[in-house]
Structures are given as structure tokens and as C-alpha cells.
Amino acid sequence: MKDKLLTLTVKQGRILRMRQLVEKLSLSDSHIYALIQHNQFPKPFTLVHGGRAMGWYESDIDVWLAQRSGETK
Numbered sequence: 002m003k004d005k006l007l008t009l010t011v012k013q014g015r016i017l018r019m020r021q022l023v024e025k026l027s028l029s030d031s032h033i034y035a036l037i038q039h040n041q042f043p044k045p046f047t048l049v050h051g052g053r054a055m056g057w058y059e060s061d062i063d064v065w066l067a068q069r070s071g072e073t074k
């Protein structure tokens with residue numbers, strides 16, 4: 002009998018912290034948090050279980066930027 006394998010899809014790529022996000026987007030951290038609160042920006046995820054450190058996948062931010070550039074055209 003063949004062993005069953007569990008396949009997980011894992012996002013790979015760079016994880017951005019708030020400082021890097023501010024630099025990449027040229028937005029203030031308070032503006033980014035306001036966008037998150039209004040569901041207009043990807044929500045961060047916790048980097049360590051039970052910890053406070055948060056991050057964003059750079060690929061999610063790139064998709065958000067692409068969607069925003071499409072809205073202005």
C-alpha cells in the first residue's frame with residue numbers, strides 16, 4: 002500500500018515588516034493601519050505563535066499595488 006502524502010501549498014517569498022512596508026510604499030505606518038482597519042489593505046500575520054511580531058508577504062503587497070494601479074486607469 003502506498004503511503005498517503007499530505008501536500009500543503011505554502012506561500013514563499015520575502016516577508017516585510019512595517020518599516021520595510023513604509024519604505025516600499027512611501028506611506029506612513031498610521032495610514033497603513035487605517036487602510037487595514039477599513040479592509041483596504043492586506044492584513045498582517047503573526048511571525049511567531051503567541052508573539053507580537055507581524056509581517057506581510059511581499060507578494061501580497063505587490064498584488065495590492067497592481068490592483069491599485071488598475072483602479073486609477
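This note's numbering numbers the first residue of the sequence shown as 2 and each following residue consecutively. C-beta atoms are modelled at their ideal positions from N, C-alpha and C, and glycine is treated no differently. Treat the numbers as computed from the prediction; the structure is a model and nothing was measured.
Handout entry: Residue environment, Phe42, which counts as buried when at least 16 other CB atoms sit within 10 Å
Key = buried
Handout entry: Supposed contact pair Gly56 and Leu17 - C-beta distance, whole angstroms, cut 8 Å
Key = 6 Å
Handout entry: Beta bridge counterpart(s) of Gly56 as assigned by DSSP
Key = Phe46
Problem - Length of the line joining the Cα atoms of Met2 and Gly52 - result: Confidence at Met2 is low in this model, with a pLDDT of 46, below 50, so the placement of that residue should be treated as unreliable; the coordinate-derived value is given next. Their backbone Cα atoms lie some 42 Å apart in a straight line.
Handout entry: Classification of Leu22 by the beta-carbon crowding that lies within 10 angstroms, buried from 16 upward
Key = buried
Problem - Spatially closest choice to Glu24 from Ala54, Ala67, Ile62, His50, by CA coordinates - result: Ile62
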